[in-house]
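Single-structure report; data block below.
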Amino acid sequence: MLQALRNKIHGWPAAIVLGVCVFAVAFFGIESYFVSRVDTYVAKVGDQEISQQDWQNRLNELRQQFSQTPNSPYSAADLEKPEFKQKVLDGMISQALLQQANTNLKLTVSDLDVRNTIGGDPGFQVNGQFSPEAYRAILNMQGMTPAMYEAKIRSSLSTQLIPQAISSTTLVSEADVDNFFRLRMQKRDLRFATLPRPSLTDANVSDADIESFYKQHIVDYTVPEQVSVDYLEVKQADLKIGTPTDEQLHEYYDKFKQRYAQPEQREASHILIEVPKNATPDQQKAALEKAKKIAAEATPENFAKLAAENSDDAGSKRTGGDLGWLEKGVANAAFDTALFGMKKGDITHEPVLSPDEGYHIIWLRDARDGDAKPFAEVRGQLASDWAKNEGERLYNERAGQMADLAERNPGSLDAVAKELDIQIKTSPLFSRQGGEGIPSDPKFAQAAFADDVLNQGNNSSLVQLGKGDAIVMHLNKHNAAAPKALADVKDSVRQRILDERVDVLAKKQADDLVAQLAKGGDAASLIKAPVRALPDLERDKLATVKDVPEEILVQSFSLPHPVDGKAVWSVIRTDNATYALVAVDKVTDGDPSKVEKAQRDGLRGQMTDAMAQAVTMDYVQALRAKAEIKIAQDRM
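Every letter in the sequence shown is one number past the one before it in full-length UniProt numbering, and letter 514, counting from 1, is 514.
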């Protein structure tokens, strides 16, 4: 066949066919004929993929946050729920949409913003000041380089650019604030009467009625699913630390000497003349000329004024370019070199160029030399810090050993208890909503009802109940949900039926009275119960009102206003099948002019935040509606 083809295609036709083949291979790459593409994304937003690795990293970050937050409403078990996983992915999709919108709108995060964010993180500070040593040490423990962490911060800040822009342009008018305070400070004059429970003329309940009611409300008479678990617990507070030796304290002092030293610092102000990314030579020249002109004019006396008028650093221009006290390593290399090469009072009359930002005019206002406190002076603090550090080390070591042994011996806690010499404790029976004692902790209950413990019969993973408190558990007993026998609940069922009959009669009685009052009936003669007045009931002070059913107070400010000066009566159910008749006699709006400026400004800020958040959510939804989004459910 090949020979026949060769005989038929020769000369210029063969050259054309061969040329097309060569072009196809050269253009698309020969590997495309042998290698098939395997998609691994969890979601794809336009051309941007959210990989399984990125998604798993986000879940792991949340898992760590939950374990380290004692009062967190979520636990590691929640991360296994499909709806929670979808919620996390939706958040990542929203971030991707915002980042794409940044690109379209040419919005970028400056190096200065990244630097300020990192420098202001308390986790990287020692004695209230940013510590480059602590910064590098913490990143090293997390397996990250400064460049990797800065990229992460830049990405995080980029998702805030549009929300911040929306917030800065969201306006709340004086009328909006006034209307809020008119409602918040509103007063009402009420009257109410609690109607007596009616008596039943027929209190007979047949066995058939009882059985029917029981079957219809079987959930109400079902004992919930319960478990009891064996568990091992490690508490940092229970660990014996001991007293440090001088050798250990000296070693600790040498290792963390920067904590007990005042690092070399510079107090500086600056004026930034921004150079756009991908700037043309003319733009760069114009920025440099502007910077030189300002630098030539700058003096300590007029520096703040020049910064306020000219600086492109929005964060510092409001304070006259003030950057506060800086240590080495906080700023970029060019800025750092210039700053720490200056003398107190100097102004750089030759602008300093830093990458991705522009030209800086720097004023060194003050300087502090670094000095270390002697060992003897800080010995007491060293002992305290050593004990805290040693306690955390021992706790992490002990908890890690417990988690590792529990995982290697999943069928029982016996081996773990024997190896670590810890006593196995047993909880009382409790439901998914928790119970008395340690099961009252939501994390404990959630772990007990997780699939690996409840259904697979394995030890749990490590559960952090609080800071310095961790447990692992194993199922001891499981009682499935089961209905109570009718014979055991017969009396309570009968009483519920009677109570419902009374409720129906009481509601009808109240409705009939309201109907008569609406037709012009006299309240004094119709209502056979004491009528109590509540004058000047203020919305903001309902908690101070005593001896009034809570339901009346809660609903009182949603009741109808008087019509043509006449009160409108309404029915409110209180409790125990009791109903009340309530009338609003007068409504007086609050006076916004009596509200102090600070309180008005605080409310305006809260309203602005709420409105900006709502607009941002609408904006993201609009982006989502226009974007092509693919979600791979099978990879979640």
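Backbone N, C-alpha and C define an ideal beta-carbon position, used for all residues, glycine too.
Grab me the residues of residue i's own chain with a C-beta within less than 6 angstroms of its C-beta, minus the 5 sequence neighbours each way, in chain order.
{"i": "I347", "result": "A298 and W363"}
{"i": "P439", "result": "S427, F430 and A445"}
{"i": "V378", "result": "Y260"}
{"i": "T170", "result": "T608, M611 and A612"}
{"i": "L107", "result": "L161"}
{"i": "residue 651", "result": "Beyond the ends of the chain as shown, which are 1 and 636, falls residue 651; an answer cannot be given."}
{"i": "E55", "result": "Position check: residue 55 holds Trp in this sequence, whereas Glu was assumed. Taken in chain order, the residues that qualify are V42."}
{"i": "W12", "result": "Note on W12: pLDDT 40, under 50, position unreliable in the model; no value is reported."}
{"i": "A295", "result": "H349, P351 and I361"}
Relative to the C-alpha of residue i, which residue among the options is closest?
{"i": "K586", "options": "R573, T222, P562 and M607", "result": "P562"}
{"i": "S51", "options": "T40, V45 and N60", "result": "T40"}
{"i": "G437", "options": "R635, R539 and V229", "result": "V229"}
{"i": "A510", "options": "K519, V571 and N458", "result": "V571"}
{"i": "A481", "options": "L139, V227 and P198", "result": "V227"}
{"i": "A147", "options": "D111, N127 and P122", "result": "D111"}
{"i": "L486", "options": "E390, M342, F213 and A287", "result": "F213"}
{"i": "T243", "options": "A415, A383, R398 and A314", "result": "A383"}
{"i": "D522", "options": "W325, A567 and D451", "result": "A567"}
{"i": "A193", "options": "E538, T169 and P549", "result": "P549"}
{"i": "K317", "options": "E327, K305, W325 and K328", "result": "K305"}
{"i": "D421", "options": "M402, E407 and A203", "result": "M402"}
{"i": "N332", "options": "T319, L353 and E49", "result": "L353"}
{"i": "A291", "options": "D312, P281 and E301", "result": "D312"}
{"i": "D591", "options": "A338, M144, E357 and R184", "result": "R184"}
{"i": "residue 650", "options": "I631, E350, V234 and N459", "result": "What is shown of the chain runs 1 to 636, which leaves residue 650 out entirely."}
{"i": "L62", "options": "G123, L553, T245 and E80", "result": "E80"}
{"i": "Q129", "options": "D254, P263 and A632", "result": "P263"}
{"i": "A237", "options": "E309, G391 and Q99", "result": "G391"}
{"i": "H250", "options": "Q381, D121, N310 and K187", "result": "Q381"}
{"i": "G320", "options": "A308, S206 and V330", "result": "A308"}
{"i": "G468", "options": "V615, R604, E397 and K507", "result": "E397"}
By DSSP's criteria, residue i is part of a beta bridge. Which residues make up the other side?
{"i": "I629", "result": "V45"}
{"i": "I50", "result": "A43"}
{"i": "S212", "result": "DSSP output for S212 lists no bridge partner at all."}
{"i": "A580", "result": "T194 and I572"}
{"i": "T588", "result": "K187"}
{"i": "K566", "result": "V563"}
{"i": "K235", "result": "D469"}
{"i": "Q226", "result": "N479"}
{"i": "L537", "result": "R188"}
According to the Cβ coordinates, are residue i and residue j closer than 8 angstroms?
{"i": "P115", "j": "V88", "result": "Inspection of the sequence shows that residue 115 is occupied by Arg rather than by Pro. Not a contact, by the Cβ cut-off of 8 angstroms."}
{"i": "S167", "j": "A612", "result": "yes"}
{"i": "D189", "j": "D547", "result": "no"}
{"i": "V45", "j": "I629", "result": "yes"}
{"i": "residue 676", "j": "Y231", "result": "With the chain running from 1 to 636 in the structure shown, residue 676 is simply not present."}
{"i": "K443", "j": "L465", "result": "yes"}
{"i": "H360", "j": "L323", "result": "no"}
{"i": "V177", "j": "R494", "result": "no"}
{"i": "L239", "j": "L105", "result": "no"}
{"i": "S556", "j": "H474", "result": "no"}
{"i": "V620", "j": "S94", "result": "yes"}
{"i": "R532", "j": "R191", "result": "yes"}
{"i": "K277", "j": "D385", "result": "no"}
{"i": "N409", "j": "A415", "result": "yes"}
{"i": "L526", "j": "L517", "result": "yes"}
{"i": "I241", "j": "A387", "result": "yes"}
{"i": "Q64", "j": "A96", "result": "no"}
{"i": "T578", "j": "R197", "result": "yes"}
{"i": "R573", "j": "E538", "result": "no"}
So, for residue i: in the same chain, excluding its five sequence neighbours on each side, which residues have a beta-carbon less than 8 angstroms away from its beta-carbon?
{"i": "Q284", "result": "V275"}
{"i": "F23", "result": "Because F23 sits at a pLDDT of 38, beneath the cut-off of 50, its placement in the model cannot be relied upon, and the following sentence gives the value as read from the coordinates. Nothing listed; no residue qualifies."}
{"i": "F28", "result": "In this prediction, F28 scores a pLDDT of 39, lower than 50, which makes its location untrustworthy; no coordinate-derived value is stated."}
{"i": "Q125", "result": "S131 and A134"}
{"i": "G434", "result": "S440, D441, P442, F444 and A445"}
Which same chain residues, not among the five before or five after residue i, have their C-beta less than 7 angstroms away from its C-beta?
{"i": "K490", "result": "I210"}
{"i": "D618", "result": "none"}
{"i": "L559", "result": "S570, V582 and V584"}
{"i": "R365", "result": "E267, A268 and S269"}
{"i": "F335", "result": "V352, S354 and H360"}
{"i": "Y149", "result": "L139"}
Suppose only complete runs of 3+ residues qualify. What are the beta strand (DSSP E) ranges in the region 319-391, listed by chain order? Along the length of the region 319-391, whole beta strand (DSSP E) runs at least 3 residues long occupy 322-327, 352-354 and 358-368, reported in chain order.
For a minimum of 4 consecutive residues, which ranges assigned as the alpha helix (DSSP H) are wholly contained in the region 122-150? Whole alpha helix (DSSP H) segments, 4+ residues: 132-141.
Could you tell me which whole beta strand (DSSP E) segments of length 3 or greater appear in the region 258-311? If one requires a minimum length of 3 residues, the beta strand (DSSP E) runs lying completely within the region 258-311 are 265-274, in chain order.
Could you tell me which whole alpha helix (DSSP H) segments of length 4 or greater appear in the region 485-527? Fully contained in the region 485-527 are the following alpha helix (DSSP H) runs of length 4 or more, in chain order: 486-518 and 523-526.
Note down, one range per segment and in chain order, each alpha helix (DSSP H) of at least 4 residues found wholly within the region 425-491. Secondary structure within the region 425-491: the alpha helix (DSSP H) runs of 4 or more consecutive residues, fully enclosed, are 442-448 and 451-454 (chain order).
Runs of 4 residues minimum, wholly inside the region 147-184: which ones carry the alpha helix (DSSP H) assignment? Whole alpha helix (DSSP H) segments, 4+ residues: 161-168 and 174-184.
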